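Student: Provided herewith is a single structure, encoded as structure tokens, for subsequent inquiry.
Number of protein chains: 6
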Amino acid sequence: MESLRREAGAPALTAEVLTQALPYIQRFRGRSIVVKLGGAAMAGEMVDTFAGDVALLASVGIRLVVVHGGGPQIGEMMERFGKSARFVDGRRVTDSETLEIARMVLVGKINSGIVAAVNRHGSLAVGVSGEDARLIKAVQRDPSLGFVGEVAEVNTDVLERLLSMGLIPVVSSIGAGVDGQSYNINADTVAGALAAALRAERLIVLSDVGGLLGDIDDPASVLSEVSVSDLETSLASGEVSEGMIPKVEACLAALDGGTGSAHLLDGRQPHVLLLELFTDTGVGTMIRTEAPA
Amino acid sequence: MESLRREAGAPALTAEVLTQALPYIQRFRGRSIVVKLGGAAMAGEMVDTFAGDVALLASVGIRLVVVHGGGPQIGEMMERFGKSARFVDGRRVTDSETLEIARMVLVGKINSGIVAAVNRHGSLAVGVSGEDARLIKAVQRDPSLGFVGEVAEVNTDVLERLLSMGLIPVVSSIGAGVDGQSYNINADTVAGALAAALRAERLIVLSDVGGLLGDIDDPASVLSEVSVSDLETSLASGEVSEGMIPKVEACLAALDGGTGSAHLLDGRQPHVLLLELFTDTGVGTMIRTEAPA
Amino acid sequence: MESLRREAGAPALTAEVLTQALPYIQRFRGRSIVVKLGGAAMAGEMVDTFAGDVALLASVGIRLVVVHGGGPQIGEMMERFGKSARFVDGRRVTDSETLEIARMVLVGKINSGIVAAVNRHGSLAVGVSGEDARLIKAVQRDPSLGFVGEVAEVNTDVLERLLSMGLIPVVSSIGAGVDGQSYNINADTVAGALAAALRAERLIVLSDVGGLLGDIDDPASVLSEVSVSDLETSLASGEVSEGMIPKVEACLAALDGGTGSAHLLDGRQPHVLLLELFTDTGVGTMIRTEAPA
Amino acid sequence: MESLRREAGAPALTAEVLTQALPYIQRFRGRSIVVKLGGAAMAGEMVDTFAGDVALLASVGIRLVVVHGGGPQIGEMMERFGKSARFVDGRRVTDSETLEIARMVLVGKINSGIVAAVNRHGSLAVGVSGEDARLIKAVQRDPSLGFVGEVAEVNTDVLERLLSMGLIPVVSSIGAGVDGQSYNINADTVAGALAAALRAERLIVLSDVGGLLGDIDDPASVLSEVSVSDLETSLASGEVSEGMIPKVEACLAALDGGTGSAHLLDGRQPHVLLLELFTDTGVGTMIRTEAPA
Amino acid sequence: MESLRREAGAPALTAEVLTQALPYIQRFRGRSIVVKLGGAAMAGEMVDTFAGDVALLASVGIRLVVVHGGGPQIGEMMERFGKSARFVDGRRVTDSETLEIARMVLVGKINSGIVAAVNRHGSLAVGVSGEDARLIKAVQRDPSLGFVGEVAEVNTDVLERLLSMGLIPVVSSIGAGVDGQSYNINADTVAGALAAALRAERLIVLSDVGGLLGDIDDPASVLSEVSVSDLETSLASGEVSEGMIPKVEACLAALDGGTGSAHLLDGRQPHVLLLELFTDTGVGTMIRTEAPA
Amino acid sequence: MESLRREAGAPALTAEVLTQALPYIQRFRGRSIVVKLGGAAMAGEMVDTFAGDVALLASVGIRLVVVHGGGPQIGEMMERFGKSARFVDGRRVTDSETLEIARMVLVGKINSGIVAAVNRHGSLAVGVSGEDARLIKAVQRDPSLGFVGEVAEVNTDVLERLLSMGLIPVVSSIGAGVDGQSYNINADTVAGALAAALRAERLIVLSDVGGLLGDIDDPASVLSEVSVSDLETSLASGEVSEGMIPKVEACLAALDGGTGSAHLLDGRQPHVLLLELFTDTGVGTMIRTEAPA
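Same order as they appear, the protein sequences are chains L, U, Y, C, R and H.
Residues in the first sequence are numbered from 644 upward in steps of one, following this note's numbering.
Residues in the second sequence are numbered from 644 upward in steps of one, following this note's numbering.
Residues in the third sequence are numbered from 644 upward in steps of one, following this note's numbering.
Residues in the fourth sequence are numbered from 644 upward in steps of one, following this note's numbering.
Residues in the fifth sequence are numbered from 644 upward in steps of one, following this note's numbering.
Residues in the sixth sequence are numbered from 644 upward in steps of one, following this note's numbering.
If you want it as structure tokens, here you go:
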């Protein structure tokens with residue numbers, strides 16, 4: 644801040660930022676925002692920056708839910724166990740041992756790491772698995788893939804209560820079937836389902852991509868806003884890249900469930916959450932029901 | 644904002660301002676801040692800027708109480724009535740007619756004007772006279788001065804309730820004696836008494852002076868922080884200028900009653916309230932009980 | 644009381660009054676009653692008697708709202724300012740300066756006076772302008788009349804809260820347009836609009852007339868009860884005197900909005916409020932939706 | 644009321660009664676008043692007048708507890724059972740059968756009768772025995788008298804709850820020992836103990852005597868006020884008549900427990916409760932801690 | 644317990660009973676159960692066992708309402724008064740004196756006895772007559788039978804409040820007409836009406852019969868479950884014995900009003916309430932809307 | 644249950660068990676009980692029986708907190724990672740990698756397994772790590788042992804809230820230092836600290852030992868009750884076996900913090916929780932402050 648204040652125009656700039664931000668702070672207060680954490684934002688120092696922003700947002704009364712996955716880390720752990728992944732039609736098969744490893748890595752390692760990072764900033768994060776208090780009821784997606792699940796039903800009671808205590812739930816994408824069997828679920832899907840169930844104000848998906856691209860070969864062609872109908876058309880016509888499909892579907896599911904808007908942001912940009920939420924000009928791609936003006 | 648965002652470093656600056664401001668926003672939420680409005684800040688366009696800031700502050704949950712006086716305006720009105728001021732030992736005598744004029748000007752003109760200005764920004768201001776719901780119990784200051792009062796007792800019930808409704812009380816410095824007689828009271832004194840009674844987080848006195856001066860002849864020698872004990876010494880030794888005395892006394896009364904800190908700010912600087920409350924480096928002079936480090 | 648008790652039959656009479664009054668006291672408890680104060684009841688000692696009754700009524704749990712105007716006092720003040728009234732089609736034009744004077748007189752003088760009078764009786768009155776907390780949203784009535792407004796919308800939140808605090812709002816008939824422009828509004832109209840918005844149990848209009856007359860030339864021909872339909876007929880046929888028209892219209896508006904009954908009472912009769920509310924035989928003229936039996 | 648209103652001065656008288664009564668109505672609202680019902684007030688039409696007053700008092704928010712005994716009625720019932728009373732040192736012995744008869748008469752007959760009478764006036768009376776919810780814990784007074792009890796402890800929980808429901812408890816003077824044994828207790832004593840336990844505003848004892856007499860032979864010499872110390876002196880010196888002793892002791896116990904004042908009233912005077920509570924000049928004898936002025 | 648624990652298999656049995664009982668304890672918590680007490684269960688030591696069970700049930704949060712009659716005891720008392728019963732078409736005529744005796748016996752003797760018995764077990768029972776707080780509004784059944792009433796309307800407010808205080812209402816089957824006239828009502832009918840009005844979880848009718856018999860001449864032929872439709876058929880065809888008719892009708896009325904199930908149990912079996920409520924295999928006859936499987 | 648009911652005396656036995664159990668059910672309702680799960684009770688089918696009992700206890704309103712460790716399972720996992728344990732003075736050293744493995748096993752495997760088991764019985768268990776919401780603030784025990792922690796402070800807010808939601812927290816014995824560093828902590832110690840912080844009614848430590856032995860060589864010599872002072876003596880004199888020391892110390896810490904009593908039970912006995920809590924004769928060893936009678 645020092646440098647900022649030393650400059651001549653700084654007070655005016657500061658006042659301008661604050662004047663712009665305060666109405667958003669007021670607007671988001673008490674509202675739920677679901678953030679899917681992925682890619683670089685989960686690694687190294689960026690986790691800490693992310694955790695700091697999460698703590699700041701929670702401090703002004705925003706009800707934040709953080710969802711994370713961990714595919715690469717699960718893969719690493721399997722290797723350490725000398726276990727090789729098996730694929731059916733290009734999709735990884737999750738046998739009982741893989742599931743156990745996934746659960747250990749997601750719940751016991753990644754989740755704990757995020758919780759610890761947020762708590763270093765003074766906010767009270769709480770690790771939550773989809774199996775806790777029956778948060779996520781899962782069904783098997785496809786018997787040939789083993790214990791890979793889909794979200795069948797969400798019971799947000801425990802999230803609502805943790806949020807009302809001012810706590811920040813950090814959710815691992817594990818669910819349980821009616822018979823108590825655990826399933827590994829795609830984390831984007833979980834984030835979309837939670838945003839829908841909470842009728843969140845916003846779903847924010849952080850990844851190593853800056854948003855939806857107008858030209859798939861030009862990383863600078865990030866679209867600032869896309870309507871649901873345009874996006875459905877793109878999805879149907881196969882224009883959406885493989886890796887973006889679950890993210891886009893999660894956004895559509897969230898919007899369908901009543902979420903105000905969904906945002907695909909570049910998790911590599913520091914403080915991208917603050918910039919998106921508290922300035923008039925957003926960053927990344929915003930998806931909402933009505934067509935862009 | 645446009646220009647800000649267009650610059651290369653803008654996102655970083657914006658993030659820096661927000662990162663610095665959010666903890667203050669959290670800290671002041673639900674806390675009471677008493678602002679004495681005076682001088683230029685009450686006039687022309689500045690009232691509107693001030694009203695906008697007040698609305699923003701209230702929108703993030705700060706419990707604001709605005710206190711105003713209006714000596715010059717009362718003088719003007721008396722002239723229009725063809726009534727000349729009478730003085731005893733250099734102090735204006737307030738006879739029954741003067742009191743009636745003062746009440747009309749303060750309650751019916753200035754107060755109404757501030758209320759209207761704040762309400763144009765979407766916040767709900769409510770005009771309050773010290774006579775309402777026995778807010779300010781007054782006693783006569785000196786019989787030779789007529790209906791000039793001192794604050795004998797403050798009953799903040801009505802303020803607390805208005806604040807808890809999310810409303811912004813705008814208080815005129817009129818009080819009532821036990822017998823129902825009205826008195827005109829110095830507005831700085833009223834602000835200090837209210838800050839003490841509310842155990843406010845801060846008392847902020849806006850005037851056309853930038854703060855306490857280290858060198859009375861150098862307007863640039865504004866002291867950034869003064870301790871109560873140093874201030875009492877200055878006051879006793881006559882170093883404080885005539886016009887600042889009631890302001891300084893109001894600050895000391897507020898601090899004595901449990902107010903966290905008192906601030907003398909330059910009401911001519913736009914958004915001075917935001918800059919004072921939401922940045923690490925304050926503006927103007929801060930007075931607090933413990934000596935500056 | 645002494646004389647009353649000394650007489651032979653006094654205890655029986657006392658018991659009779661009490662037996663009759665208690666069910667009304669119970670019935671009105673917690674209910675809202677809007678009283679429009681006008682004429683003699685606003686002047687001299689009668690204000691004090693009125694204030695005493697208001698304090699008594701509030702003490703037994705009746706939620707009282709007092710509305711006042713002040714045409715004659717505004718006229719007086721304009722004269723003192725050497726400003727002469729201008730009329731268009733017989734209606735006073737309110738230019739910017741007239742509005743400012745009206746506001747000063749209504750809010751800063753009459754309202755403050757009534758508040759002070761009630762508070763001398765131990766109850767907690769609070770002055771409220773229609774501009775406070777957006778109580779009365781106004782629209783211009785007729786451009787050629789200047790800043791004369793009509794009630795466009797009423798937001799009774801602040802009244803409800805003050806009432807639930809056991810306070811007595813005293814309302815000045817000033818409103819604000821969406822753009823924040825102030826307007827002077829007929830006080831009868833404001834009283835009727837507030838009674839409707841509060842779905843008051845009763846609207847009571849005090850004036851120097853004892854009620855509606857059966858024979859316009861015989862002051863003793865006060866009608867004790869009139870139905871809405873009869874009154875609408877009289878209004879349409881021009882039988883209602885000039886001065887009574889806004890009062891009658893206010894009553895009809897209140898009844899239309901759900902007020903239980905409306906009453907035109909003689910404000911010159913001491914304790915007329917108590918007699919009307921707590922005895923089987925009312926005083927003045929009662930107007931209600933259904934036809935009199 | 645008709646006759647009252649027809650007279651010339653009636654409105655003034657009515658206003659006078661109301662002006663005097665309203666502050667008392669406000670003062671007693673939410674306060675507890677214990678009324679011991681005895682003698683003529685329990686018989687014939689007077690029960691109905693009493694019940695009507697009780698209903699009126701409850702309707703304006705006074706928390707009334709009615710206590711009754713029933714010695715003569717118990718005697719009558721014993722006669723019908725062909726059972727003669729046995730005395731030890733002039734006090735009736737209560738054997739097991741007598742107790743059963745007393746309980747039947749008090750709880751099943753007198754209490755039910757009072758409850759029914761009050762409920763005919765629209766208020767919700769509830770019969771309560773001292774055995775209900777352990778209201779009155781009793782101990783045996785003297786083994787030679789059998790099942791005659793003293794109040795050992797009072798648990799007013801159930802009374803407080805019934806009162807807070809707006810109900811009127813009508814209490815029979817039966818208590819239970821720790822072993823569950825029932826005892827018959829003097830009703831004046833019960834009334835005094837309840838007034839003390841409830842820290843009632845007032846204890847009112849209705850009997851066929853108009854109060855304490857200055858001259859025991861002159862029924863017109865009713866004292867209007869007596870201090871506790873004077874009364875204790877009279878009691879010690881044997882000046883208090885036999886029948887008044889338990890009443891006087893109950894008053895002293897109530898005052899000692901924090902009851903505001905105790906009153907001995909003539910239950911034969913219609914509406915004596917209203918006259919006592921709502922007029923400046925009381926009726927009967929008031930006993931309070933401080934000496935009369 | 645000693646003997647139980649000493650046996651080899653006792654811990655297993657104990658665990659089995661608890662495992663079975665706990666879900667029922669959870670299920671009935673906070674639910675209302677109306678118990679009609681009659682026959683042997685009201686007499687001698689059985690009252691004490693019954694009272695102990697009632698206290699236990701209340702202690703785990705079941706909202707119990709006990710209803711009792713007392714035909715035989717009323718008959719006995721009438722004899723003692725030398726009053727002979729008069730019959731019309733085989734039904735006892737209740738004249739004014741009989742009613743008074745019935746009220747005394749029910750309210751002043753039986754009710755007080757049950758209340759005292761429960762309170763000896765540490766729970767807080769409260770005697771309630773149907774006349775209290777207008778619990779049971781009655782109408783005359785048949786003028787030729789005198790003051791015999793039917794239930795016209797039930798106002799369970801007072802019961803709900805007593806239950807929410809954790810108290811156990813013990814209800815006498817007396818009601819009051821709109822004019823305040825008391826009526827004696829069949830206690831089975833009262834129990835059925837209260838169960839319906841409270842939408843009780845269960846109505847339990849204790850009598851000296853073990854339930855409905857398959858073969859009217861074989862006391863061992865108790866049916867364990869009967870459907871409402873079968874029961875209505877039996878009732879219509881005259882197969883239900885005289886004494887069981889009001890009980891069966893009360894059960895049907897309760898079920899019709901929303902009671903979960905109705906049970907006819909043998910009041911002579913110790914702890915029959917515990918066994919019915921907390922074990923999988925019930926005792927006596929259960930009646931419910933749907934046909935038995 | 645079938646066999647139980649078929650026997651002649653079954654109803655009496657059932658009634659006896661219930662009569663004994665109900666007062667305990669009432670007594671423990673709303674009270675907190677901390678259960679340390681260890682040894683056989685964590686393995687195979689016993690986990691399911693344990694989970695069933697936990698669900699039953701929660702269903703009757705007991706606030707259960709389950710704490711678990713997992714030394715053997717951590718050892719197994721380390722082996723799979725080809726990592727050998729290192730010891731200092733006979734205590735395992737926890738380096739950074741070991742800590743990560745411990746966290747994964749405890750939080751991601753054992754905890755998740757217990758949560759899933761309880762949830763299969765219909766209750767809502769929630770996995771909680773000591774790092775969540777700063778539940779357990781840890782300090783390093785001994786630098787030479789690496790990341791082995793001691794409990795420095797417990798913040799039970801999140802547990803209290805989960806308990807008040809009717810949820811069952813299952814706690815892993817991981818804590819975090821002020822700097823956010825994670826530590827592995829002995830689970831007995833954590834259980835004792837939580838019982839103290841919650842002022843639990845009971846601490847129950849389940850292990851493969853039946854309790855404290857009178858004669859260390861005779862497994863049948865289980866002491867049924869030991870006083871704190873006797874236990875401290877035994878501890879000081881080295882009579883307590885190595886494995887029991889942390890358990891005994893946890894019990895003493897809990898009692899010192901206000902826990903009602905501490906119990907060492909044999910986790911291999913089915914339903915040992917139910918038997919301990921709901922029968923007069925306990926099982927295992929009870930430790931409490933006062934000496935056994």
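Each residue gets a CB set at the ideal place from its N, CA and C atoms; glycine is no exception.
Because the structure is a prediction, the values reported are computed rather than measured.
For Thr752(U), which residues in chain Y fall below 9 Å Cβ to Cβ?
Tutor: First, the residue type needs correcting, since residue 752(U) is Lys and not Thr in the sequence shown. In chain order: Glu743, Arg746, Met747, Val750 and Gly751.
Student: Any beta-carbon of chain R closer than 9 Å to the one on Asn762(C)?
Tutor: Yes - at least one Cβ of chain R is within 9 Å of the one on Asn762(C).
Student: Return no unless some Cβ of chain L is closer than 9 Å to the Cβ of Ser867(H).
Tutor: So, not an interface residue.
Student: Against Leu767(C), what residues of chain R qualify as contacts under a CB-to-CB distance less than 7 Å, listed in chain order?
Tutor: Near Leu767(C) (Cβ distances below 7 Å), the residues of chain R are Ala776 and Arg777.
Student: Name the DSSP beta bridge partners of Leu916(R), please?
Tutor: Looking at the DSSP assignment, Leu916(R) forms no beta bridge with any residue, so it has no partner.
Student: Can Gly854(U) and Val871(U) be called in contact, C-beta distance under 9 Å?
Tutor: No; because the gap between Cβ atoms is not below 9 Å, this pair is not in contact.
Student: Tell me the start and end of each unbroken beta strand (DSSP E) in the region 655-727 of chain C that is at least 3 residues and wholly inside, in chain order.
Tutor: You should have 675-680 and 706-711.
Student: What separation, rounded to the nearest whole angstrom, lies between the Cα atoms of Leu656(Y) and Leu700(C)?
Tutor: Distance between the alpha carbons of Leu656(Y) and Leu700(C): 18 Å.
Student: Quick one: give me the first and last residue of the alpha helix (DSSP H) that Leu756(Y) is part of.
Tutor: Residue identity check: residue 756(Y) is Gly in the sequence provided, not Leu. Per DSSP, Gly756(Y) belongs to the alpha helix (DSSP H) from Ser755 to Arg763.
Student: What residues from chain L crowd round Val710(U), counting only those whose CB sits closer than 9 Å?
Tutor: The contacting residues do not exist; Val710(U) stays about 23 Å from chain L at best.
Student: Let me check one thing: in DSSP terms, what residues is Ala896(C) bridge-paired to?
Tutor: According to DSSP, Ala896(C) bridges with nothing at all.
Student: Find out if the Cβ-Cβ distance for the pair Phe790(R), Thr832(R) is shorter than 9 Å.
Tutor: Cβ distance not < 9 Å, so Phe790(R) and Thr832(R) don't count as in contact.
Student: For the candidate residues Leu841(L), Ala781(L), Ile811(L) and Glu803(L), whose alpha-carbon lies nearest to that of Val821(L)?
Tutor: If we check each option's Cα against that of Val821(L), Ala781(L) comes out closest.
Student: Would you mind telling me which residues of chain C sit closer than 8 Å to Pro939(Y), beta carbon to beta carbon, in chain order?
Tutor: This structure cannot speak to residue 939(Y), because chain Y is shown only from 644 to 936.
Student: Any beta carbon of chain U sitting closer than 9 Å to that of Ile817(Y)?
Tutor: It does; some Cβ of chain U falls within 9 Å.
Student: Identify the continuous alpha helix (DSSP H) that holds Arg845(C) and give its terminal residues.
Tutor: Unbroken run through Arg845(C) is the beta strand (DSSP E), Arg845 to Ser850; no alpha helix (DSSP H).
Student: Can you tell which of Thr737(U), Leu805(U), Ile744(U) and Gly857(U) has its C-alpha closest to the C-alpha of Leu788(U)?
Tutor: Cα-wise, what sits closest to Leu788(U) is Thr737(U).
Student: Can you tell which of Ala760(Y), Arg734(Y), Phe730(Y) and Ile930(Y) has the C-alpha that lies nearest to the C-alpha of Gly886(Y)?
Tutor: Nearest of Ala760(Y), Arg734(Y), Phe730(Y) and Ile930(Y) to Gly886(Y), Cα basis: Arg734(Y).
Student: Find the residues of chain R that neighbour Val758(C), judging by a C-beta separation of less than 7 Å, and give them in chain order.
Tutor: Chain R residues near Val758(C): Glu774 and Asp775.
Student: Name the chain H residues whose beta carbon is nearer than 9 Å to that of Thr662(R)?
Tutor: The contacting residues are Met644, Gly695, Asp696, Leu699, His914 and Leu917.
Student: Do the CB positions of Ile668(H) and Ser702(R) come within less than 9 Å of each other?
Tutor: Yes, these two residues count as a Cβ contact at 9 Å.
Student: Going by beta-carbon coordinates alone, are Leu802(U) and Val794(U) separated by less than 9 Å?
Tutor: In this structure, Val794(U) does not lie closer than 9 Å to Leu802(U) by Cβ.
Student: Applying the criterion that 16 or more other CB atoms from any shown protein chain within 10 Å of the CB defines a buried residue, is Ser646(L) buried or exposed?
Tutor: Because the pLDDT of Ser646(L) is 37, which lies under 50, any placement of that residue in the model is unreliable, and the question is left without a value.
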